[in-house]
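>
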Amino acid sequence: MRRRHLLTLAAVGAVSAGCGPDDAPRSKGAPAAGPASGGSGGPRFPDGFAWGASTSAYQIEGAAAEDGRGPSVWDTFSHQPGRVRGGDTGDVAVDHYHRMYEDLDLMKDLGLKSYRFSISWSRVLPDGRGALNAKGLDFYHRLVDGLLARNITPVATLFHWDTPQALQDKGGWEQRDCAQWFADYAQQMFYSLGDKVSTWLTLNEPKTVVSLGYTTGTHAPGKRDRRVANVVGHHLLLGHGLAVRAFRGTNRKGQIGAALNLSPVYPADASAAAAEQATAVDGEENRRWLDPVLLGRYPADWLAAQPANAPVRKAIHDGDPAVIGERSDLLAVQYYNPIRVTAQGGRASPHVTTQATWQEVYPDGLYDLLTRLKRDYGDLPLTVTENGMPSPNDVQDDDRIAFLRDHIAAAQRAIAAGVRLQGFHVWSLLDNFEWAEGYSQQWGLIRVDRSTMDRRRKASAEWYRGVIARNGLPA
Ligand code: IFM
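This is the structure we're talking about:
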């Protein structure tokens, strides 16, 4: 109740602060260049701040059938006609599997302190369970060794949407067992790589799996059933909790947490009805993930909103919330856009969007999100593990520079407000396979020519290198 009140106050405050002339909605298109909100060239970031970049296995690796890798749901899905724009697949992706050392050198050249990648579950366990595939695992050993040799901290994500097809054939995340299969795989990774990897992320964006993979069907495995989707959401969270428990059981040093895509939710006007709708949307978008992971319980209002006969009610067993709420060491935050909710429960979209039309650009939302996390969930260390935009501009991506500058400035203000933010990772290091959009959107700091696979640093990469070297935004 207290949080609900705070949210309402904070959100209404944010909206009224955003109604002045300086915040007038911009026309749709690229973000405007101009002074960074919050001031540029301010104080340096804290010593040891983890400037990084992120990728995920299916989006960059390729080598889909090499060295014993088993198929994942994304291999199956992307090969189905009409699923991915242009019929693109991740079969070759940007060939990172074969160009890993070149990519490591590019990371070093950028000055990255941290690199977040994901492990392809079906590369290390072709059937999802059982004996490890030595060649697949060796790839990650070489990657991690290469990072450490370059003084780059590896941050390993265990699940970035690529469920092994063999497990999907057994029902995948719809089955409660999948949570344990995931934890078993996670434990194998902790034992295999845990003396070198000290930061582990369990799930990447479970909300996206639920919404796109099981509700709209636009992502693998392409299902459209909201009732089932919520069961999947619970099993994903249970898998997170079991994996955290498994990590504790290994007595490995290091930190573990989930990577959640979160959006500050604002009422679109000052009415009580809009505030109430915003609270409900916040429950679905944020608290439904944050509360179980960080507080060990589902939000009462979210639970109450589930129909009496909803399968998710049966799926949540006594004791599950406590497992899910197993102590995390950090929270990985992924921020792309705010949400503004009308009194009728619809969405208002006053901000400029990017090529990814779902993405509204609102850097202050990152400040609001980070400070809200501290206010409502305590002083847990946070790291931004994804923030970025697609740019249609080839290498002169000034729009991305403006975007990153404004978001980094917002992160800096959050630190100044007392948020324990330990790192910032740009999505993404390389242009890559953008899921249902195929290769039609370029999210990378580094351009990849897909006909030659040549890599070329974009203007944003040069700019980011300066930020890292300075440990802060340029004056
Ligand atoms: O490319 C994705 C990534 O895999 C997960 N977060 C959002 C990115 C951009 O859509």
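Sequential numbering of the sequence shown, starting at 199, is according to the numbering used here.
Ideal placement from N, C-alpha and C gives every residue a C-beta, glycine not left out.
(1) Using beta-carbon positions only, say whether Pro590 and Gln553 come within less than 8 Å of one another.
(2) Short check: CB of Lys421 to CB of Tyr412, under 8 Å?
(3) My understanding is that Ala255 touches His358, with C-beta atoms under 8 Å, so please give their C-beta distance in whole angstroms.
(4) By Cβ distance below 8 Å, which residues in the same chain neighbour Ser214 in space, the five residues on each side in sequence not counted?
(5) Measure the C-alpha to C-alpha separation of Gly431 and Gly452 and round it to an integer number of angstroms.
(6) Hey, is Asn459 close to the ligand IFM, as in C-beta under 7 Å from one of its heavy atoms?
(7) With hydrogens ignored, establish whether the beta-carbon of Trp625 is closer than 7 Å to any heavy atom of the ligand IFM.
(8) Rounding to the nearest angstrom, what Cα-Cα distance links Leu435 and Ala377 in this structure?
(9) Three Cβ pairs or more, each shorter than 8 Å: is that satisfied between the region 240-259 and the region 620-637?
(10) Buried or exposed: Thr178, going by 16 or more other Cβ atoms within 10 Å of its Cβ?
(11) So, do the region 275-288 and the region 341-350 have three or more beta carbon pairs nearer to each other than 8 Å?
(12) What does the Cβ neighbour count give for Asn459, buried or exposed, with the cut at 16 atoms within 10 Å?
(13) Is the CB-CB distance between Gly621 and Gly250 below 8 Å?
(14) Count the other C-beta atoms from every protein chain shown that fall within 10 angstroms of the C-beta of Pro519, then say buried if there are 16 or more, exposed otherwise.
(15) Measure the C-alpha to C-alpha separation of Gln610 and Gln542 and round it to an integer number of angstroms.
(16) What does Ser252 pair with, by DSSP beta-bridge criteria?
(17) Run the proximity test for Ala418: is its beta-carbon closer than 7 Å to any non-hydrogen atom belonging to the ligand IFM?
(18) Mind checking whether the beta-carbon of Trp641 lies closer than 7 Å to any heavy atom of the ligand IFM?
(19) Where do the N-terminal and C-terminal ends of the beta strand (DSSP E) with Pro465 fall, by residue?
(20) Restricting to Cα atoms, I'd like to know which of Gly328, Ala657, Trp633 is closest to Thr253.
(21) Taking 8 Å as the cut-off, does the region 470-487 touch the region 387-397 (at least 3 CB pairs, one atom from each stretch)?
(22) Closest to Leu335 by CA distance: which of Arg348, Leu580, Arg321, Gly481 is it?
(23) Comparing the CB of Asp402 with every heavy atom of the ligand IFM, is any distance shorter than 7 Å?
(24) So, is Gly232 buried or exposed, given that buried needs 16 or more other C-beta atoms within 10 angstroms?
(25) Work out the CA separation of Trp371 and Gly328 for me, nearest whole Å.
(26) Within 10 angstroms of its Cβ, does Gln594 collect 16 or more other Cβ (buried), or is it exposed?
(27) Trp272: beta carbon under 7 Å from a heavy atom of the ligand IFM?
(28) Short check: CB of Ala530 to CB of Thr477, under 8 Å?
(29) Does the separation of the CB atoms of Trp500 and Arg511 fall below 8 Å?
(30) Please report the distance separating the alpha-carbon of Ala234 from that of Gly670.
(31) Report yes or no: do the region 307-318 and the region 655-665 share at least 3 C-beta pairs separated by less than 8 Å?
(32) Decide if Gln639 is buried, meaning its Cβ has at least 16 other Cβ atoms within 10 Å, or exposed.
(33) Can we count Ala554 as close to the ligand COA, meaning its CB is less than 7 Å from some heavy atom?
(34) Pop quiz: Leu564 and Tyr533 are said to be a contact at Cβ under 8 Å. What is the actual Cβ separation, rounded to whole angstroms?
(35) Could you work out which residue in Pro465, Val521, Asp527 is closest to Pro490 when comparing CA atoms only?
(36) Assign Gly523 to one of two classes, buried (16 or more other C-beta atoms within 10 Å of its C-beta) or exposed (fewer than that).
For this structure:
(1) In contact: Pro590 and Gln553 (Cβ atoms closer than 8 Å).
(2) Contact: yes.
(3) Rounded to the nearest angstrom, the Cβ distance from Ala255 to His358 is 6 Å, consistent with a contact under 8 Å.
(4) Because the pLDDT at Ser214 is just 27, under 50, the model does not fix this residue reliably, and the value given afterwards should be weighed accordingly. For Ser214, same chain residues with a beta-carbon under 8 Å away, outside a window of 5 residues either side, are Ala468 in chain order.
(5) Cα-Cα distance, rounded: 26 Å.
(6) With a threshold of 7 Å, the Cβ atom of Asn459 counts as near the ligand IFM, since some heavy atom of the ligand is closer than that.
(7) At least one heavy atom of the ligand IFM is nearer than 7 Å to the Cβ of Trp625, so yes.
(8) The straight-line gap from Cα to Cα measures roughly 8 Å.
(9) Under the three-pair Cβ rule at 8 Å, the region 240-259 counts as touching the region 620-637.
(10) Nothing in the structure corresponds to residue 178, since the chain is present only between 199 and 673.
(11) No contact exists between the region 275-288 and the region 341-350.
(12) A residue is called buried when at least 16 other Cβ atoms come within 10 angstroms of its Cβ; Asn459 meets this threshold and is buried.
(13) Against a cut-off of 8 Å, the Cβ pair of Gly250 and Gly621 comes out as a contact.
(14) Buried, since its Cβ has 16 or more Cβ neighbours within 10 Å.
(15) Answer to the nearest angstrom: the Cα atoms are 35 Å apart.
(16) As DSSP reads the structure, Ser252 sits in a beta bridge with Arg314, Trp625.
(17) Answer for Ala418: no, Cβ out of range of the ligand IFM.
(18) The nearest non-hydrogen atom of the ligand IFM is less than 7 Å from the C-beta of Trp641.
(19) Under the DSSP assignment, Pro465 falls in the beta strand (DSSP E) whose first and last residues are 463-465.
(20) Considering only Gly328, Ala657, Trp633, the residue with the shortest C-alpha distance to Thr253 is Trp633.
(21) The region 387-397, when compared against the region 470-487, does not touch it at the 8 Å Cβ threshold.
(22) The residue from Arg348, Leu580, Arg321, Gly481 with its alpha-carbon nearest to that of Leu335 is Arg321.
(23) The sequence given here places Asn at residue 402; Asp does not occur at that position. Yes.
(24) Because the pLDDT of Gly232 is 32, which lies under 50, any placement of that residue in the model is unreliable, and the number read from its coordinates should be weighed accordingly. Looking at its Cβ environment, which holds fewer than 16 other Cβ atoms inside 10 Å, Gly232 is exposed.
(25) Taken atom to atom, the span from the alpha-carbon of Gly328 to that of Trp371 is near 18 Å.
(26) Answer is exposed; the Cβ neighbour count stays below 16.
(27) Outside the cutoff, so no.
(28) No.
(29) Contact flag unset, no.
(30) The predicted model places Ala234 with a pLDDT of 35, which falls under 50 and marks its position as unreliable; any figure quoted below should be read in that light. Taking the straight line from one Cα to the other gives about 13 Å.
(31) Three or more Cβ pairs drawn from the region 307-318 and the region 655-665 lie within less than 8 Å of each other, which places the two stretches in contact.
(32) Gln639 is buried by the Cβ-count criterion.
(33) Annotation note on the ligand COA: not contained in the displayed structure, which lists the ligand IFM as its ligands.
(34) Yes, they are in contact, since the Cβ atoms of Leu564 and Tyr533 sit about 5 Å apart, within 8 Å.
(35) When only C-alpha atoms are compared, the closest one is Val521.
(36) Counting Cβ neighbours within 10 Å, Gly523 comes out buried, since at least 16 surround it.
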